[in-house]
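Quick notes on the structure that follows.
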Amino acid sequence: KLKGVAQHALAVAEVRTGCVGDFVHLYTDGSFDPDKGGGSNCGWAFVALQQPELNVHVYQFIGVAGGPCFDHDLEPISGLQHASSGGAELVATFRALMWCASAPVVQTLVHFDCIPVGGFVFGSNFSIQSDFAALANLTRALLRYLRARGKVIHGVHVHGHDDHPWNELAAGVAKFASR
């Protein structure tokens, strides 16, 4: 069940159909449940919003994506050895950047609530846990590639568990995916 603020965000959002505009916000989150074993206790998600006008705080809902961290298409390249909260956050960021690669988006703000992962990917923190260093380096390389292709992508911290509606929606989907 989604938190009330996430339900409210979806209720008042204008749903966008058709092409994606020039400025997009991606809210990323990962979830890890240490009490559940079997490799399916780790989930990722991101929420995509369009902001039609930069100085006007009106957002159009594009969509949401999420899934388990350990799946067949990412596992061989991820280097993830075991489930962890940092690994889940990193998979969410990687998946959001992969979406940027295929979307006709020029400017993107990637919102993250995990400072160690967001700081590493977007350049203000240069150390990362060794258990997911391969995926972290791949994610940074993907970001460099996208920027070299003309995409303007920045990371910005959003406080987690602080009732921010779009972050709570991403958290709810990631938690659901970890079950």
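Residue 82 in the working numbering sits at position 82 of the sequence shown, and the numbers go up by one each step. Even for Gly, the Cβ is constructed at its ideal location relative to N, Cα and C. Being a predicted model, the structure only gives us computed values, none of them experimental.
Out of the options, point me to the one whose CA is closest to residue i's CA.
{"i": "H111", "options": "V173, C42, V47, L142", "result": "V47"}
{"i": "L49", "options": "L90, G119, H164, Q60", "result": "Q60"}
{"i": "N137", "options": "F70, Y27, F120", "result": "F120"}
{"i": "R95", "options": "H164, K151, V152, V64", "result": "V64"}
Measuring straight from C-alpha to C-alpha, what distance separates residue i and residue j?
{"i": "D35", "j": "P68", "result": "16 angstroms"}
{"i": "A88", "j": "L97", "result": "14 angstroms"}
{"i": "T139", "j": "V56", "result": "31 angstroms"}
{"i": "A92", "j": "V58", "result": "24 angstroms"}
{"i": "C42", "j": "F23", "result": "30 angstroms"}
{"i": "H25", "j": "S84", "result": "25 angstroms"}
{"i": "L169", "j": "K151", "result": "25 angstroms"}
I think residue i touches residue j, with their Cβ atoms under 8 angstroms apart; what is that distance to the nearest whole Å?
{"i": "H159", "j": "D113", "result": "7 angstroms"}
{"i": "L109", "j": "V156", "result": "5 angstroms"}
When we look at the beta-carbon of residue i and count the other beta-carbons within 10 Å, is it buried (16 or more) or exposed?
{"i": "S102", "result": "exposed"}
{"i": "T148", "result": "Note that residue 148 is Ala in the sequence shown here, rather than Thr. Exposed: under 16 other Cβ atoms inside 10 Å."}
{"i": "P76", "result": "With a pLDDT of 49 at P76, under the threshold of 50, the modelled position of that residue is not reliable, and the figure given next carries that caveat. By the neighbour-count rule (16 or more Cβ atoms within 10 Å), P76 is not buried but exposed."}
{"i": "L54", "result": "exposed"}
{"i": "P52", "result": "exposed"}
{"i": "R144", "result": "exposed"}
{"i": "A45", "result": "buried"}
{"i": "G30", "result": "buried"}
For chain B, check one thing: does any of its Cβ atoms lie closer than 9 angstroms to the Cβ of residue i?
{"i": "H154", "result": "In summary, chain B is missing from the structure at hand, where a single protein chain is found."}
(request) Examine the Cβ distances between the segment 132–151 and the segment 164–177 and report whether three or more of them are shorter than 8 angstroms. (result) no
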